[in-house]
Every structure is written in structure tokens, then in C-alpha cells.
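Numbered per UniProt numbering, the sequence shown spans residues 1 to 288. Built from N, CA and C at the ideal position, the CB exists for glycine as well. So the structure is just underneath, and the comments pick up after that.
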Amino acid sequence: MPYYTSYDAARLSFRVLPARDGDGRSRPPLVCLAGGPGRDAAYLGDLGGLDAHRDLIAPDSRGTGDSPTADPQHYAFPRLAEDLEALRAHLELERLVLLAHGAAATTAQAYAAAHPERTARLVLVCPDARLQGERTGDAWEIFRSRADEPWWPEADRAARRLAERHEPEEVRALLAATAPAAYDRWEEPQRAHAADEAGQSHPVPRAGFWQGVDEAARRAVLARLAELPGPVLVVSGDRDAVAGVRAGELVAASVPDGRHHTLPGAGHYPWVDRPAEFRTVVEEFLGG
1 MPYYTSYDAA RLSFRVLPAR DGDGRSRPPL VCLAGGPGRD AAYLGDLGGL
51 DAHRDLIAPD SRGTGDSPTA DPQHYAFPRL AEDLEALRAH LELERLVLLA
101 HGAAATTAQA YAAAHPERTA RLVLVCPDAR LQGERTGDAW EIFRSRADEP
151 WWPEADRAAR RLAERHEPEE VRALLAATAP AAYDRWEEPQ RAHAADEAGQ
201 SHPVPRAGFW QGVDEAARRA VLARLAELPG PVLVVSGDRD AVAGVRAGEL
251 VAASVPDGRH HTLPGAGHYP WVDRPAEFRT VVEEFLGG
């Protein structure tokens with residue numbers, strides 16, 4: 001596992017998936033941020049085969065994977081964005097081609113706002129719109145539309161419990177109970193992908209993700225995003241009962257060159273539900 005040194009001398013890990021065609025050097029690598037927040041980057045896998053023609057670089061954020069735990073203030077997404085800038089410098093890349101999933105889309109937006117000159121292209125997969133100041137309700141509508149599926153009653157109880165105070169170990173159990181709602185269907189590929197979630201999730205980094213970020217800081221990030229020069233692709237799944245679709249629309253609308261694409265038959269992990277379609281959308285946006 002390779003490592004890099006961040007702004008405070010922390011030694012953080014990342015993994016590299018070399019391009020399978022052996023020609024990764026001809027294209028800039030795709031730096032891939034894991035969400036959760038506070039989840040090991042291993043769950044990203046090869047992102048539906050995005051390693052076919054370019055190297056994938058997936059850092060483990062603080063307190064996940066092989067990266068060490070930290071003071072709570074370092075789990076906040078603006079600090080995680082500065083870790084990303086340290087990774088860019090370590091890799092000696094002039095600009096980043098960046099993909100971020102779920103909560104990490106907030107980290108990626110904070111990075112682009114702070115370092116627009118270092119951001120070449122940005123892909124945000126199934127983001128929420130908390131940074132945009134919105135709490136959309138369509139994810140709950142998608143969730144309720146699946147009430148006739150056998151896993152739903154237990155998932156419903158767990159989802160309501162997650163909104164209350166509970167111990168860190170209970171968070172893992174509750175996330176496991178709600179897992180089926182994150183996919184289009186609950187079949188073997190989805191079950192296999194979800195099986196590792198409990199062991200990959202870290203409640204303390206999760207709890208610290210928004211720590212210390214007040215309304216003024218949020219608005220400052222948004223103001224800088226409104227002037228972002230580079231293109232941004234936002235991908236949503238129409239069956240995403242975690243983030244919904246409306247959030248992706250709002251995120252795309254908050255940047256000048258934002259493009260929103262909804263994948264039919266995909267949940268919160270579109271590369272698991274619809275790998276070929278997901279790969280095509282992202283590769284067409286990234287180009288050569």
C-alpha cells in the first residue's frame with residue numbers, strides 16, 4: 001500500500017489500480033474518493049471497469065483503510081480536501097481528474113472550490129445536496145415505493161433509528177439493515193457488495209464530516225463553486241433511496257458547466273447495478 005504525507009505530516013494511504021490495457025500513462029489517472037462518509041475506499045472496487053483504459057487512484061481518508069485515525073477536526077470535509085491537495089502534489093499531477101461518490105462529492109466540491117486551477121474534470125456520483133443547503137425528499141419517496149419488497153420493514157425500522165442517538169457499533173448494524181435500499185435489486189452482486197459495508201464503515205470519521213463547518217463556510221464554498229471553470233458531471237440513479245435524484249440536479253445546477261445524468265435501474269452504487277451503462281457515461285465525459 002503506497003502512502004503520502006499530508007499538510008500536518010500525517011501519513012495517509014492510497015491504492016492504485018493500473019489500467020488493464022497497459023496504457024494508463026497515455027491518460028491522466030482518475031482519482032476516486034470514497035463516501036460514507038468514513039468508509040474504506042475498497043468498496044469502490046474498479047468502479048464498473050473504469051480501470052480498463054486509465055489508472056484508478058483511491059485514497060483512504062483519515063480513520064479509514066490503512067490511514068490513521070486523527071483528531072476530530074481533521075475528519076471535516078474541508079480538511080479532507082486539503083489531504084487531497086497533498087495527494088495531488090505527491091503524485092506530481094498538474095491537475096486532477098476526480099471522481100467522488102456519495103458524501104465524498106462534498107469533499108470534491110470543496111477541493112474544486114479551493115483549487116479550481118488544479119481541477120480538470122469532476123464526476124460526482126449520487127451526491128446529496130446538503131452543501132447546496134437543500135434536504136430533498138425524493139430519496140424517501142423512492143424508499144417508500146419499495147415497501148412491498150421483503151427486506152423493507154426491517155430497513156424502515158433501521159432507517160428511522162439511524163436518525164436518533166446511538167452507539168457506534170449500532171450504526172454498523174443499522175447500516176447493514178438498510179443496505180438493500182441502496183441498490184436497484186437485492187441479488188447476488190448487490191448482496192456481495194453490501195456484505196463488507198459493516199467492516200468498512202467507521203462511525204467516528206462519519207460523525208466528524210461536517211464538524212466545524214458553519215453556515216458562512218458553506219456559503220463561501222458555494223460562492224466559489226459558482227465560478228468553477230471546469231466541467232462537472234453528476235450521475236444519479238433513479239432507484240437511489242439514499243440520495244435520490246433531485247439532489248444531483250441541484251448539485252449540477254450550482255456550477256456553471258454542470259451536467260446531470262440519471263441512470264435508469266440504478267441505485268446508490270450504479271457501478272454495481274448497471275456497470276456497463278455507468279462506465280459508458282463516465283468514459284464519454286472524461287474522453288481521452
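Next on the checklist: What does the alpha-carbon distance come out to for the pair L87 and T5?
Outcome noted: For the purposes of this step, residue 87 is taken as the residue at position 87 of the sequence shown. For the purposes of this step, residue 5 is taken as the residue at position 5 of the sequence shown. For L87 and T5, the distance between alpha carbons rounds to 8 Å.
Next on the checklist: I'd like the span of the beta strand (DSSP E) that includes G258, first residue to last.
Outcome noted: Counting from 1 along the sequence shown, the entry for residue 258 is found at position 258. Segment G258 to L263, the beta strand (DSSP E) holding G258.
Checklist entry - Helix or strand or just coil, what does DSSP make of F209? => result Start at 1 with the first residue of the sequence shown, and residue 209 comes out as number 209. Three-state result, F209: coil.
Next on the checklist: Please return the same chain residues whose Cβ sits closer than 6 Å to the Cβ of R15, not counting the five positions on each side in sequence.
Outcome noted: Taking the first residue of the sequence shown as 1, we reach residue 15 at position 15. Excluding sequence neighbours, R15 sits near A58.
Next on the checklist: Would you call the region 134-146 in contact with the region 219-235, where contact means no fewer than 3 C-beta pairs closer than 8 Å?
Outcome noted: no
Checklist entry - In terms of residues, what are the limits of the alpha helix (DSSP H) holding L250? => result Residue 250 sits at position 250 when you count from the first residue of the sequence shown. Note, L250: alpha helix (DSSP H), R246 to A253.
Item to check | Within the region 46-128, ranges of the beta strand (DSSP E) (whole runs, at least 3 residues) | outcome: 56-59, 96-101 and 119-125
Checklist entry - What residue from D46, S13 and L17 has the CA that sits closest to R279's CA? => result Within the sequence shown, numbered from 1, the residue matching residue 279 stands at position 279. It is D46 whose Cα lies nearest to the Cα of R279.
Checklist entry - How do the region 152-164 and the region 249-256 stand: do at least 3 beta-carbon pairs fall below 8 Å, yes or no? => result no
Item to check | Pairwise C-alpha distance: A110 and P116 | outcome: In the sequence shown, the residue the question calls residue 116 occupies position 116. In the sequence shown, the residue the question calls residue 110 occupies position 110. Computed Cα separation, rounded: 10 Å.
Item to check | Host beta strand (DSSP E) of T136 (start-end) | outcome: On the sequence shown, position 136 is the one that residue 136 refers to. Where T136 is concerned, there is no enclosing beta strand (DSSP E), given that its DSSP letter is neither H nor E.
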